[in-house]
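Only one structure is covered here, and it is reproduced in the block below.
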């Protein structure tokens, strides 16, 4: 079966660092994607990991451990505009399987 | 320039009606998708087309019929609408190479409400 788990909600303070975890068990794997979705808007691509390790992109970093079926998204220097849902997705041949998303609220 | 566009943005209709949603991408991608996002915000793939050929059909009721006239367009027609069809429908596109999927670009979504 396909199973992708993320925490449902998280809160953090402006300027802080937050880590959003994702664990997965899928029948196939060809990459781990993170998307950001603001309320009422489309998901937008943030990062992609296909090999183990950390990928850094400005304030956002994503980590992957394939042997553990585990990824995290790290957001640094949080801003109010980072309040959104963060969707973890596993690439499985020619499709993405999404987790249920983590709703992050950033407070002043 | 809009990369992936969908029309209409909002659609309110009654049970039993038939409706269509259109999607176009100008990114030159070879693969297009339809997703359904329910009230709990769970995003689930419905269909995927690669160069006008259906490659994914995720056990969606046959009331839903996608059509791809060319690789830049993927439309979704829904017959005999039911209350449970109410959701936000997203179109997306990507480049694929062999069995690898790359990042997908999403359209703005169509909020369908069936009354």
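Chains as they are written, first to last, in my numbering: chain H, 5 to 112; chain P, 134 to 248.
No residue lacks a Cβ here, since even glycine has one placed at the ideal position from N, Cα and C.
Closer than 9 Å, CB to CB, is residue i near chain H or not?
i	result
residue 183(P)	yes
residue 241(P)	yes
residue 236(P)	yes
residue 135(P)	no
residue 174(P)	yes
residue 169(P)	no
residue 177(P)	yes
residue 166(P)	yes
Per DSSP, residue i is paired with what?
i	result
residue 57(H)	68(H)
residue 46(H)	Partner(s): none; residue 46(H) has no beta bridge.
residue 186(P)	183(P)
residue 14(H)	108(H)
residue 210(P)	153(P), 198(P)
residue 23(H)	78(H)
Compare the C-beta of residue i with all C-beta atoms of chain P and state if any pair is closer than 9 Å.
i	result
residue 111(H)	no
residue 28(H)	no
residue 67(H)	no
residue 64(H)	no
residue 107(H)	yes
Count the other C-beta atoms from every protein chain shown that fall within 10 angstroms of the C-beta of residue i, then say buried if there are 16 or more, exposed otherwise.
i	result
residue 86(H)	buried
residue 58(H)	exposed
residue 21(H)	exposed
residue 19(H)	exposed
residue 223(P)	buried
residue 218(P)	buried
residue 187(P)	exposed
Measuring alpha carbon to alpha carbon, tell me which of the options ends up nearest residue i.
i	options	result
residue 12(H)	68(H), 92(H), 98(H)	92(H)
residue 84(H)	16(H), 7(H), 6(H), 8(H)	16(H)
residue 108(H)	40(H), 9(H), 31(H), 99(H)	40(H)
residue 151(P)	240(P), 228(P), 216(P)	216(P)
residue 193(P)	168(P), 173(P), 172(P)	168(P)
residue 162(P)	241(P), 178(P), 191(P), 183(P)	183(P)
residue 143(P)	228(P), 221(P), 236(P)	221(P)
residue 67(H)	81(H), 90(H), 26(H), 99(H)	26(H)
What residues from the segment 74-104 of chain H come within 7 Å of chain P, judged by C-beta to C-beta, listed N to C?
Interface annotation for the segment 74-104 of chain H against chain P: 89, 91, 95, 97, 98, 99, 100, 102, 104, criterion Cβ-Cβ distance under 7 Å.
Residues of the segment 148-164 of chain P whose Cβ lies closer than 9 Å to any Cβ of chain H, in chain order
From the segment 148-164 of chain P, only 164 have a Cβ closer than 9 Å to chain H.
Interface positions of the segment 34-47 of chain H facing chain P (Cβ-Cβ less than 9 Å), listed along the chain:
Within the segment 34-47 of chain H, the residues whose Cβ lies closer than 9 Å to any Cβ of chain P are, in chain order, 34, 35, 37, 39, 41, 44, 45, 46, 47.
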